[in-house]
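Trainee:
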Amino acid sequence: GMVAGGIASMPPGVAPEPAPAAPPVDPVVEAKKKAELAAARAERAKQLKRGPGVAALVQGALKRALTQPTVKKAEEPLPAPKVVTQQVEESDSESEETKRRNKEEQAKVEAQKRKEREEREKAEREKAEREARERREQARREAAEAERDLQKREAETREKRIKASVEAAKRQQAERTAAQAAENNLYANMPGPNLEDQVANEARKEEAVAREKANKDLTNLPPEDRSKVLFLDIDGVLRPARAGGFDILSVDGDAAKNVDTSDFFPSAVKALRHIIERTSAKIVLSSEWRRSDSLCSALSDLFERNRVRAWSSKTCTNLELETKADPVRSFAERRAREITMWMQEHEREVSGWVILDDINLGIADESRKSTTRQMQPHLVQTWPLCGLTMGNAKTAVRILNGEMINKVVVERPVAPVGSD
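Here our numbering is used: the first residue of the sequence shown is 318, the next is one more, and so on.
#1: For R556, write down the residues that DSSP places opposite it in a beta bridge.
#2: So L612 is in the alpha helix (DSSP H); what residue range does that whole segment cover?
#3: Which residues in the same chain have their Cβ closer than 6 angstroms to the Cβ of A627, if we skip the five residues on either side of it in sequence?
#4: Which of helix, strand or coil does DSSP assign to D674?
#5: Secondary structure at D542, three-state DSSP: helix, strand or coil?
#6: Quick one, which of Q376, R488, E605, A681 has its alpha-carbon nearest R358's?
#7: Would you mind listing the beta strand (DSSP E) stretches within the stretch 582-609 that are 3+ residues and don't spill past its ends, in chain order?
#8: For R693 and E443, what's the separation of their Cα atoms in angstroms?
#9: State the start and end residues of the unbroken beta strand (DSSP E) segment that holds L636.
#10: Can you give the beta carbon distance from L612 to V576, rounded, assuming they're within the 8 angstroms contact cut?
#11: If you measure between the beta carbons of L673 and V697, is that distance less than 8 angstroms?
#12: Under 8 angstroms: do the stretch 475-484 and the stretch 640-652 share three or more Cβ pairs, one atom per stretch?
#13: Which of helix, strand or coil does DSSP assign to K425?
#14: Judging by CA-CA distance, which residue of R595, T578, K363, E720 is the nearest neighbour of N623?
#15: Compute the Euclidean distance between the alpha carbons of E720 and D552, then round it to the nearest angstrom.
#16: Between M707 and the rest of its own chain, which residues show a CB-CB distance below 6 angstroms, the 5 nearest in sequence each way excluded?
#17: Would DSSP call L696 helix, strand or coil?
#18: Could you check how far apart the C-beta atoms of R685 and M660 are, in whole angstroms? I think they sit under 8 angstroms.
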């Protein structure tokens, strides 16, 4: 009734408009949109649990998904998966084990080499030390042998000299029985004067003048040290022990005449000065020259010219020679007693003493009395035809300074021309 009423109510002559047709719907697209919408809502719900900042991002993404057409994204290539197989792991493990074994083997080899090197170095050191010991032993043996040879030659020379002196003394006693002084002439075995000696004496006089001029430039000596004493002989020490230097028959008889000191050795006087400069020792005159005033005066002048301090004392002159078959031994024993008496009188003030003499006073030690001092440890024996050398002087300095001297070797340098 309503339809009919409606149609009846329309003006006549107007046909009704047809209803617009609905657009066709693709079921596949519609299902896809629904799925995307559901996925977006689920994602949004998930993002809402994370916080408001993430929810806003999810909401913006959802809005863009609804307003933009669906575009199928190109599938991105997936990265190649890492293939780690058991075989690779096993290979790496085997490589580490091999490296470890190789390192251990290398360490063993190096340790063995180091051990061999140390053993080789030790053997070389032991060999070098052994060779050094052998060389030292050889050197000691050679030194000992040389010392024995030297001692043997010294003993032979000493025996020959003493024997010659005794024989010469006996000959002189037989030839000059009228002269009592011949018994005390220690140098009768020395050669007599000749023309060559006269010429040499003239030359030495000229040298003495030249030395006197040169000695003016010598420095002053240090102050005298009275705790150090030098017992000084003259003949065979400062001048050659031979006949003809001056006309003297017996020093004990004070018969010296025409004293000539030009034959004194310049080197011996210089060596004596060296001792005084190094030790400040005082000189005690023990020579037979002390018995003659004229000889002492000439000697004092010589010392002054050469800037050597004169003696400050003399040994006694009142002891007699004991008659023995060997005049040299008798003389040595008397001089040892004279030196001993001087030492006993000045014992408290003397700390070191030395004897310069061409006679071996050590022979007096063989039969010395208990009160007589030993001479050998303090003796520096000179060679009669050459006198005091610088080597003798250095030995004397060591003795005065208290150094231990096991043996004093008599030096025998070449005798100067004209002293034969």
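Glycine included, C-beta positions come from ideal geometry on N, C-alpha and C.
Source: prediction; values computed, not measured.
Mentor: Straight from the coordinates:
#1: For the purposes of this step, residue 556 is taken as the residue at position 239 of the sequence shown. For R556, which the question treats as bridged, DSSP gives the partners D552.
#2: The residue given as residue 612 occupies position 295 in the sequence shown. Taken as a continuous stretch (DSSP letters only), the alpha helix (DSSP H) holding L612 covers 610-622.
#3: In the sequence shown, counting from the first residue as 1, residue 627 sits at position 310. Only S617, F620 meet the Cβ criterion.
#4: Within the sequence shown, the letter at position 357 stands for residue 674. Here D674 sits in strand by DSSP.
#5: Counting from 1 along the sequence shown, the entry for residue 542 is found at position 225. Strand, per DSSP.
#6: The count along the sequence shown starts at 1 and reaches residue 358 at position 41. R358 has its Cα closest to that of Q376, out of Q376, R488, E605, A681.
#7: 598-602
#8: Position 376 of the sequence shown, counted from the first residue, corresponds to residue 693. Position 126 of the sequence shown, counted from the first residue, corresponds to residue 443. In the sequence under discussion, the amino acid at residue 693 is Gln, which differs from the Arg named in the question. The alpha-carbon atoms of Q693 and E443 are separated by roughly 45 angstroms.
#9: Numbered from 1 along the sequence shown, position 319 holds the residue referred to as residue 636. That residue, L636, is in no beta strand (DSSP E); it is neither H nor E in DSSP.
#10: Along the sequence shown, one-based indexing puts residue 612 at 295. Along the sequence shown, one-based indexing puts residue 576 at 259. Between V576 and L612 the Cβ distance is about 6 angstroms, and since that is below 8 angstroms, they are a contact.
#11: Taking the first residue of the sequence shown as position 1, residue 673 is located at position 356. Taking the first residue of the sequence shown as position 1, residue 697 is located at position 380. The answer is yes: Cβ separation under 8 angstroms.
#12: yes
#13: Counting from one through the sequence shown, the residue named residue 425 turns up at place 108. Three-state result, K425: helix.
#14: By one-based count along the sequence shown, residue 623 stands at place 306. The option with the nearest alpha carbon to N623 is T578.
#15: By one-based count along the sequence shown, residue 720 stands at place 403. By one-based count along the sequence shown, residue 552 stands at place 235. Roughly 27 angstroms separates the two Cα atoms.
#16: Indexing the sequence shown from 1 puts residue 707 at position 390. For M707, where only same-chain residues beyond five positions count, the Cβ hits under 6 angstroms are A588.
#17: Along the sequence shown, read from residue 1 onward, the residue named residue 696 stands at position 379. The answer is strand: DSSP assigns L696 an E or B state.
#18: For the purposes of this step, residue 685 is taken as residue 368 along the sequence shown, with counting starting at 1. For the purposes of this step, residue 660 is taken as residue 343 along the sequence shown, with counting starting at 1. Between M660 and R685 the Cβ distance is about 13 angstroms, and since that is not below 8 angstroms, they are no contact.
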